[in-house]
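Everything below concerns the one structure shown next.
In my numbering, the protein residues as written are 103 to 191.
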């Protein structure tokens with residue numbers, strides 16, 4: 103279960119292949135089945151120009167945290183490109 107904590111402004115990212123995405127970043131609290139908080143992560147809610155949505159998660163230390171059910175059936179290359187683009191690499 104997740105609980106929203108804070109939302110930030112909408113930003114845009116353009117990948118090397120010129121595909122455009124917009125995203126918002128907010129902090130979410132991840133809890134276990136007992137309701138105890140186990141982590142606070144930055145959640146990136148990303149939308150491409152076709153309206154497809156993606157969710158990526160990053161720790162406060164700067165490490166990407168993959169949630170398998172967040173992006174089922176999405177090309178891993180797209181997700182990697184988004185992570186690199188967000189990191190500014």
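Each residue gets a CB set at the ideal place from its N, CA and C atoms; glycine is no exception.
For clarity, every value in this text was computed on a predicted model and none was experimentally measured.
In the structure shown, the three-state DSSP call for residue 189 is helix. Following the DSSP letters along the chain, one finds residue 130 inside the beta strand (DSSP E) bounded by residues 122 to 133. Taking the CA atoms as reference points, residue 152 sits about 32 angstroms from residue 163.
Partner residues in a beta bridge of residue 176, as assigned by DSSP, do not exist. Of the candidates 141, 111, 135, 139, 111 places its Cα closest to the Cα of residue 128. One alpha carbon belongs to residue 144, the other to residue 167, and they sit about 10 angstroms apart.
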